[in-house]
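Report on the structure given below.
Numbering (the working numbering), first residue to last: 328 to 437.
Structural data, given as C-alpha cells:
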C-alpha cells in the first residue's frame with residue numbers, strides 16, 4: 328500500500344465518529360510522524376489535537392500568512408473549501424471558527 332493511501336486512511340480515521348479515541352490517538356501519532364507539515368506535534372505535550380475538520384491544516388490565528396493557509400494550493404480553491412466548511416451543518420463550531428480565521432487571512436491578502 329502506498330504511503331499516500333496509508334496517510335489518507337489515518338486522516339479518515341480521525342474524522343470517523345465510529346472509531347475509538349485510542350484508534351484516533353494512534354492515527355494522530357502516525358500522521359505527526361509521517362505528515363508533520365500538516366500535523367505538527369504540539370510543542371507542550373508532544374501531541375496535538377486533530378487540526379483538521381477543515382481541510383486545512385494549521386491551527387489558526389489572524390496573523391497567519393497566506394502560504395501557511397494554502398500550503399501551496401490554489402487560493403481560490405482553498406477559499407471555496409473554507410466557505411463550504413463554514414456552511415456545512417455537519418462541521419463542528421470549532422472547525423467553523425478555524426475556517427473563518429483562515430478565510431479572513433486569505434481575504435485580507437486580496
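The beta carbon of each residue, even a glycine, is placed where N, CA and C say it ideally should be.
Judged by DSSP in its simplified three-state form, residue 364 adopts coil rather than helix or strand. Assignment of residue 418 by DSSP, reduced to helix, strand and coil, places it in the coil class. Leaving aside the five residues that flank residue 330 on each side, the residues in its chain whose CB is nearer than 8 angstroms to its CB run, in chain order, 361. Classified as buried, residue 354 has 16 or more neighbouring CB atoms from the shown chains inside 10 Å of its CB. The residue among 393, 344, 363, 430 with its C-alpha nearest the C-alpha of residue 417 is 344. Around the beta carbon of residue 337, 16 or more other beta carbons sit within 10 angstroms, so the residue counts as buried. Closest by C-alpha distance to residue 409, out of 350, 420, 425, 348, is 425. Look at residue 399 here: in three-state DSSP terms it is coil, with no helix or strand label.
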